[in-house]
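Trainee: In terms of the working numbering, the sequence shown opens at residue 395 and continues consecutively.
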Amino acid sequence: MALLSEHEQRQVAEAIARVEQQTDAELVTVLAARADDYAYIPLLWASLIALVVPGVVHYLSGYLTMYTLLLAQWATFIVLCLVFRLPKVTTRLIPRSVRHWRASNLARRQFLEQNLHHTVGSTGVLIFVSEAERYVEILVDEGISKRLDDSNWDAIVQAFTQQVKQGQTLAGFIACIQACGELLKVHVPLTQARNELPNRLVVLE
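1. Might you give, ordered along the chain, the residues of its own chain that have their beta carbon closer than 6 Å to the beta carbon of Ile550, omitting 5 neighbours on each side?
2. Should Val492 and Arg528 be called a contact, given that it needs their Cβ atoms to be closer than 7 Å?
3. Residues bridged to Ile410 by DSSP?
4. Where DSSP assigns a beta bridge to Phe522, which residues make up the other side?
5. Thinking C-beta only, is Arg412 closer than 7 Å to Ala526?
6. Whose C-beta lies closer than 7 Å to the C-beta of Ser516 among residues of the same chain, with five residues either side of it excluded?
7. To the nearest angstrom, how far is it from the Cα of Leu520 to the Cα of Asp431?
8. So Val596 is in the beta strand (DSSP E); what residue range does that whole segment cover?
9. Measure the alpha-carbon distance for Ala565 versus Ile488 and round it to whole angstroms.
10. Under a Cβ-count criterion, where at least 16 other Cβ atoms within 10 Å of its own Cβ denotes burial, should Thr513 be classed as buried or exposed?
11. So, Trp547 versus Ile568, is the Cβ gap smaller than 7 Å?
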C-alpha cells in the first residue's frame, strides 16, 4: 500500500485551491495509511486458534501426549502471530464494524487537530481517507451542515470509497474535491477571499 507521492499531493492541494476560489468553505484533506495498528488482533486470533485446534486434534485422535500438545500449541501460536501480523492478513481478521469505528474516531480527531472547528463562520470541511480500512468520510462544521444536509455527501463518499478500493486514491481525491466544490459554491458561495487553513494533503503514515 503506497501513499501518494509529493507530486500527487500537490495535485490534491491545487484542486483544493481551485475550489476555495468559489466558496467560503475551508477544505482540508487527510490520508491515513491505517486507523490503528490493531496490535492485539494477531495475538487474540493466534491465542484462540492455538488453544482450540491442537486440543481438538488431541481429543479426536488421542495421538498427542500432554508434552507434545503443549509444544503444538506454542508452535501454532508463534507461527500464527507472525502470519497474522502481515497487514493484508490483519485487516481481514478485523470485523468491518470495528475497522470503520476506528477510522471514524480518527477522522473526528483529525477534524479537531487540523483546527477545522475554528474557521470563520464554522465552514470547515474535512475529507478523510484511511486506506487500510477502505474508509472515506466527509465531516463538516455547523456553518456547512446548516445549509447542506449530510445526505448530500453520501453519493460522493460512495464513489470515492469505490476508487480507494480500486487503488485510485488520487483520482478519488480530485473527483471528491470537485464534487464537493460544486455543492459548496452554490450553498456556501465565496463572500470574502481568505485561506485560513493549509491546502496541503495531510498524510498520516
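Where a beta carbon is used, it is the ideal one built from N, C-alpha and C, also for glycine. Bear in mind the structure is a predicted one, so any value in this text is a computation, not a measurement.
Mentor: Walking through what the data contain:
1. Residue mapping note: residue 550 aligns to position 156 of the sequence shown, counting from 1. Cβ neighbours of Ile550 beyond the five flanking positions: Cys570, Ala573.
2. Residue 492 sits at position 98 when you count from the first residue of the sequence shown. Residue 528 sits at position 134 when you count from the first residue of the sequence shown. Cβ distance not < 7 Å, so Val492 and Arg528 don't count as in contact.
3. In the sequence shown, residue 410 corresponds to position 16, counting from 1. BP columns for Ile410 are empty, so no partner.
4. Within the sequence shown, the letter at position 128 stands for residue 522. The partner list for Phe522 (beta bridge, DSSP) reads Val424, Glu531.
5. Looking up residue 526 in the sequence shown gives position 132. Looking up residue 412 in the sequence shown gives position 18. Not a contact, by the Cβ cut-off of 7 Å.
6. Position 122 of the sequence shown, counted from the start, is the residue given in the question as residue 516. Excluding positions up to five away in sequence, the list reads Asp535, Glu536, Gly537.
7. Taking the sequence shown and counting its residues from 1, the one referred to as residue 520 is at position 126. Taking the sequence shown and counting its residues from 1, the one referred to as residue 431 is at position 37. Cα to Cα, the separation comes out at about 23 Å.
8. As a position in the sequence shown, residue 596 is number 202, starting the count at 1. Note, Val596: beta strand (DSSP E), 595 to 598.
9. Taking the first residue of the sequence shown as 1, we reach residue 565 at position 171. Taking the first residue of the sequence shown as 1, we reach residue 488 at position 94. Straight-line Cα distance between these residues: approximately 27 Å.
10. To locate residue 513, count along the sequence shown from 1; it is residue 119. Burial call: buried.
11. By one-based count along the sequence shown, residue 547 stands at place 153. By one-based count along the sequence shown, residue 568 stands at place 174. No, they are not a contact pair.
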